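Counting along the sequence shown from 1, when you hit position 54 you're at 54 in the UniProt record's numbering, and nothing is skipped either side.
Quick reminder that beta carbons are idealized off the backbone N, C-alpha and C, glycines included.
Fair warning: this is a prediction, and the values are worked out from it, not measured in the lab.
Reading through the structure tokens given below for one structure.
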Amino acid sequence: MAELLALADSDAQQRWDALRLSYTETQGLPALREAVAAVHYSSIRADQLVVAAPQELALLAPGDRVVCTVPGYQSLYEVAASLGCEVVPWRLRSAADGSLAFRMEDAEALIGGAHPPKLVVVNSPHNPSGFQFSQGEWQRLVELCRSAGAYLFSDEMYRWLELDSAARLPAAADAYEQGISLTGCSKATGGPGLRIGWVATRDAALLGRILELKDYTTICSSAPSEVLALIMLRNWDALVQQRLAIIRTNLDALDAFFERWRHVFAWRRPAAGTVAFPRLTTDEPIETWCAQLVEETGVLLMPSTVYGQPECTAEGRFRLGFGRTNMPEVLAHLEAWLEQRYPAERAAAAGS
């Protein structure tokens, strides 16, 4: 908190000092929305943004068809399912070289078929794989949605954490007139405790429905969180670079770690974000393996069984986060456990 407040300009500091713990504007603090529009979008205005918005509830009705990338953050598809929608999975695929991708031929069949969806939900950069669409794939996805008359909802929480900034995709709200972008302060700038995110869209009717629904649900955001988020937005690039420095350092450590343990794991460096989806290659049940690891060391790796995707479970995949500065300590605990569990594999790796 003190580190963030030290970054405040005079306007933000004055807002903080004069802060009242009263209701805020339903759409969000105007200065915050102006900062979001300036940092994140090329064609979105401040009045086309809603802070902390219930967007799926405003868009969907029972029976609507929704195509959603899976595995992923559960609410991206479970909210639609809870509303009585038909949720059609767009599945993550493994290639022969071990890379992971959402294939465009699958999108062609799911979106461009005889039963087009009302909504396509994607997450890029993707949690948990670290996959990111290419510029060409992103453009093709927009074209498919436009031809189908479908909305494109894009979870862009990990946007800005691309290892190659040239690979950063345009926000869905900029790329498509029926695009909806979800972003926030949780990932790129490391502020999940603020609980501040926003939705951007050029669809005025949808934006109006979102605001109406927010009036009946959450009403408004936290006043302190909005000012702290404003400070983050006004220092966005510097905070993102801090996060990227941590990520690159941790990825270098993970590259070396998985090379040492190549007889036990299959690893590919992700393209973006703070999570990866490596494989355990020993044929042990991944859920049992992860449970034993956390019980014996306190190191939590999320087994792919939690996503309910049999293909990922069959491959022995697990979710690994690397966005924090304690990675050396975590890897030390993990490596000590592995050395006891796999002495033969460690010896083989050392001798090869």
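- The Cβ atoms of L169 and Q135 sit closer than 8 Å to each other.
- One alpha carbon belongs to E284, the other to E315, and they sit about 10 Å apart.
- Collapsing the DSSP output to three states places R20 in coil.
- According to the DSSP assignment, V36 belongs to the alpha helix (DSSP H) that extends over P30 to H40.
- R93 sits in a strand when the DSSP states are folded into three classes.
- Rounded to whole angstroms, the gap between the alpha carbons of N250 and E295 is 24 Å.
- Taking a C-beta distance under 8 Å as the contact criterion, W289 and L280 qualify as a contact pair.
- Boundaries of the alpha helix (DSSP H) harbouring I247: W236 to R260, taken from the DSSP string.
- The alpha-carbon of S124 is positioned some 13 Å away from that of A276.
- With contacts defined by Cβ atoms closer than 8 Å, M232 and L19 do not form a contacting pair.
- Residue pairing of Y151 in beta bridges, as defined by DSSP: L119.
- Note on geometry: alpha-carbon atoms of M1 and D252 lie some 29 Å from one another.
- If you keep only unbroken beta strand (DSSP E) runs of at least 3 residues inside the stretch 138 to 211, you get 151 to 155, 179 to 184 and 197 to 201.
- Under the three-state reduction of DSSP output, V264 falls in the coil class, being neither helix nor strand.
- Proximity to T313 across A336, E287 and E329 peaks at E287, based on C-alpha coordinates.
- Listed as beta-bridge partners of P303 by DSSP are F318.
- Counting the other CB atoms within 10 Å of its CB gives A6 a total below 16, which places it among the exposed residues.
- Out of I196, D215 and V70, the CA that lies nearest to the CA of A223 is found in I196.
- With respect to the 8 Å criterion, A148 and P117 are classified as neighbours on the basis of their beta carbons.
- When Cβ pairs closer than 8 Å are counted between the two stretches, the stretch 164 to 181 is seen to touch the stretch 202 to 222, the count reaching three or more.
- Residue range M327 to R341 is occupied by the alpha helix (DSSP H) that includes R341.
- Residues of the same chain with a CB within less than 8 Å of the CB of L230, apart from the 5 flanking positions on each side, are A12, R15, L29, A31, L32 and A35 in chain order.
- Boundaries of the beta strand (DSSP E) harbouring T69: R65 to V70, taken from the DSSP string.
- Excluding its 5 nearest sequence neighbours in each direction, I247 has C-beta neighbours in its own chain below 7 Å: L161, T274, F322 and G323, listed in chain order.
- In this structure, the CA atom of I219 is about 6 Å from the CA atom of T26.
- Among the bridge pairs identified by DSSP, A272 is matched with E162.
- Taking 8 Å as the cut-off, the beta carbon of S225 is found closer than this to the beta carbon of L194.
- Shown here, L100 sits in a strand according to DSSP, grouped into three states.
- Inter-residue distance for L83 and E108 is about 25 Å (C-alpha atoms, whole angstroms).
- Taking the Cα positions, L331 is about 24 Å away from L100.
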